[in-house]
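Asks: Start counting the sequence shown at 151; every next residue gets the next number (the working numbering). Glycine included, every Cβ here is placed at the ideal spot set by N, Cα and C.
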Amino acid sequence: MKAITEDTTEYISDLSYRIKRGEQESLIKMPVGIMFLNGENEIEWVNPYLQKYFGQEEILGKALSAVDKELATVVKKYVAEKKPVEVSWGDYRFQMLIENDIHAVYLMDITRYAKIEQHDKDTDVVIGQIFIDNYDEVTQTMNDKNVSNISNYVTNELSNWAKKYQMYLKRIDDDHFFILAYTSVLEKLEKDRFKILDRIRERTSKQNLPLTLSMGISYGEDDLALLSKAAQNNLDLALGRGGDQVVVKAPEGQARFYGGKTNPMEKRTRVRARMIAQALQELMSQTDQVFVMGHKYPDMDSIGACLGLRRIAAMNQKKCWIVLDNEKLHSDVTRLMDELSQYPEIKGTVISVEEALEKATKQSLLIMVDHSKPSISTSPELYKKLANRMMVIDHHRRGEEFPENPILVYIEPYASSTCELITEMFEYQSRDSEPINKIEATAMLTGIIIDTKSFTLRTGTRTFDAASYLRSVGADSAMAQHFMKEKVDNFLQRNHLIDRVEFIGNRVALCVGEKDKIYDSVIAAQAADALLNVSGVEASYVVTRRSDEKIGISARSNGKANVQVVMEELGGGGHLSNAATQLKDVSIDVAKEELLRAIEENS
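Take a look at the structure:
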């Protein structure tokens, strides 16, 4: 028994010695850096493994900030962290843990694994689709030799671009290309901001054959079929925004936009207008009733478009309801509603959101006009109820927020207004049905006049054709002017805003409203429009507090500056020359600072 006890004691003593020795050896030799600091952040001790990162320098007793400012900053940043964090120090990556109670810092070098992880990330597959926006329009009047020359030029430019960045490029159609790349290449392309778009546009413009490119690029997904579909969706988004731009987006990520510096070109044919009109007739024949609604705080373009679609529905023997929130109307729309009292058959089809929700059935059709973001619809609830039975007609550039399952989409950013798009559809309706009447034609003409600033902005040949048609069917220009008259208070408030103008350089005008004063959003937009009349001003911004406690920013340009990308930077959107956004939970001063930063970044 004594022998067993002695053997056990000896075994335990030997084991304890080995454990203690192992602890001491690991402290000194294990590949983990250990550093002890005192209360003043002076280095008291480092193990040999960590010493090699400081070289031969004598560091004991010195302040960590004096020895290495970068490491001192990292330690200070994560001193309150309870869990290990991944940090960079010089050319190395470490997993760092700080024990505050004993002032110890533990650093495990994971540089090798970080490089492997980075390499894996850098070699993720990127799929892109490239489309020549206006290839058919540009080449349809050219002879075969010139078509071949311009086609070869674009192919050579894209091939050289792909070779420079080590991408795989394949032409799959006259106006369609496919690219394969790695994410490390995508980072370089984004840093370069896809200047290939500018180069091709500028060089073809000099030959009076302006070609523009659109790209949809997707990454961050292992399923190649899903990645390819996402790239096509991104291309559709770029085209829906007017083309001449790149959309980069992971399937579940936020979209990043590049380009979009030019106004979209007006199409030369009305083939699509006819196709949409026929498709709309087919949809109406399969529905029990139609609901049309614009955006919150509807303008004349939105209401005029609703009235136009109501008439088209009537021409197709379908009941159509206009969904309107009577509590959120501007003065011009209020005058129109008053005028509609003389047309009880039309006034009776204007219903509230609550009535629309009661009337809607599974066979109903919803048409969203003058917007494509469900969140800004007159009734997001009605959209949700008819989400699988709805279509979009809009002239704004498409944003990232978009209905998931629209039956039909008609977005033409080259158009002056939604009223222009809907006016073109009347040509393809039955001649036997009752035609558009005076009040409907006047409302639609007013919508065009307001959105084009009396035919001075975003106006193409088809805009005048639409206006001419509306005049021919009874649109009253005097009544349109009556709708557009403003109240005395609004006139004074707009001039008050303009009086607060300040200039950023010589080309940007900025108005910031008083901090505690609430301004009507229409007045802010009118002030922004008025500032464009100042000589030399290419862009104007008006920042005001709204009645819903948000800060609204209205942005306008004469076409030389792109205010859309500035507003998108702040969560809004719109056109190259007409855009806006609303900011929540910020002050006027903060909104101004964010706007100035966005202007500088996109100048």
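Could you check the C-alpha separation between R418 and I282 for me, to the nearest Å?
Replies: Interpretation of R418 is limited by its pLDDT of 48, a score under 50 that renders its predicted location unreliable; no figure is taken from the coordinates.
Asks: Between the region 510-522 and the region 534-545, do at least 3 Cβ pairs fall closer than 8 Å?
Replies: yes
Asks: Drop a sphere of 10 angstroms on the beta-carbon of T613, count the other beta-carbons inside from all chains shown, and report buried for 16 or more, exposed for fewer.
Replies: buried
Asks: Taking the beta strand (DSSP E) that A659 belongs to, which residues open and close that run?
Replies: V658 to V662
Asks: Does A230 pass the burial test, meaning 16 or more other C-beta atoms within 10 Å, or should it be called exposed?
Replies: exposed
Asks: Tell me the start and end of each unbroken beta strand (DSSP E) in the region 257-284 that is at least 3 residues and wholly inside, in chain order.
Replies: 275-282
Asks: Using 8 Å as the threshold, is the region 568-581 in touch with the region 452-468, meaning 3 or more CB pairs across them?
Replies: Result yes; three or more Cβ-Cβ pairs closer than 8 Å.
Asks: Any idea if E495 is buried or exposed, counting beta-carbon neighbours within 10 angstroms, 16 or more meaning buried?
Replies: exposed
Asks: Under 8 Å Cβ to Cβ from L720, same chain only, skipping five residues before and after it: list those, please.
Replies: I703, T731, L733, E744, L745 and A748
Asks: Along the chain, where does the beta strand (DSSP E) containing A705 start, and where does it finish?
Replies: I701 to S707
Asks: Going by the CB atoms, is the gap between D670 and N640 shorter than 9 Å?
Replies: Yes, Cβ-Cβ distance for N640 and D670 is below 9 Å.
Asks: So A388 and Q395 are supposed to be a Cβ contact under 8 Å. How far apart are they, rounded?
Replies: 5 Å
Asks: Quick check: is any heavy atom of the ligand MN less than 8 Å from the C-beta of I557?
Replies: Absent from the structure shown: the ligand MN. Ligands present: none.
Asks: Which residue's Cα is closest to the Cα of L361: S527, I367 and I280?
Replies: I280
Asks: Go to G655, then tell me how far its alpha helix (DSSP H) extends in each direction, as first and last residue.
Replies: From DSSP, G655 is part of no alpha helix (DSSP H); its letter is neither H nor E.
Asks: Sort out for me which residues DSSP pairs V692 with in a bridge.
Replies: C661 and S704
Asks: Could you please give me the residues that DSSP links to D544 through a beta bridge?
Replies: I561
Asks: Looking only at its chain, what residues have a beta carbon closer than 6 Å to the beta carbon of R485, apart from the 5 residues adjacent to it on each side?
Replies: Here the set comprises F633.
Asks: Is it a yes or a no for the region 551-560 touching the region 601-616, going by three-plus beta-carbon pairs under 8 Å?
Replies: Two segments are said to touch when three or more pairs of C-beta atoms, one from each, lie closer than 8 Å; by this definition the region 551-560 does not touch the region 601-616.
Asks: With a threshold of 16 other CB atoms inside 10 Å of the CB of S737, please say whether the residue is buried or exposed.
Replies: That one is exposed.
Asks: Mark A705 as exposed unless 16 or more other C-beta atoms lie within 10 angstroms of its C-beta, in which case mark it buried.
Replies: buried
Asks: So for K603, helix, strand or coil by DSSP?
Replies: Here K603 sits in coil by DSSP.
Asks: What three-state label does DSSP hand N358 in the structure shown?
Replies: coil
Asks: Could you tell me which of M629, Y303, I322 and E636 sits nearest to H480, measuring between CA atoms?
Replies: E636
Asks: What do you get for A506, buried or exposed, if any count of 16 or more other CB atoms within 10 angstroms of its CB means buried?
Replies: buried
Asks: Quick check: the region 657-665 against the region 681-689, are there 3 or more CB pairs under 8 Å?
Replies: yes
Asks: So what does T731 bridge to, in DSSP terms?
Replies: Bridge partners of T731: I703.
Asks: Which of the three DSSP states is assigned to D323 in this structure?
Replies: strand
Asks: Could you give the distance in angstroms between the alpha-carbon of V559 and the alpha-carbon of M425?
Replies: 11 Å
Asks: What alpha helix (DSSP H) runs, 4 residues minimum, are completely inside the region 202-267?
Replies: 214-217 and 219-227
Asks: Does the beta-carbon distance from T437 to I472 come in below 9 Å?
Replies: no
Asks: What is the DSSP secondary structure of S491, counted as helix, strand or coil?
Replies: helix
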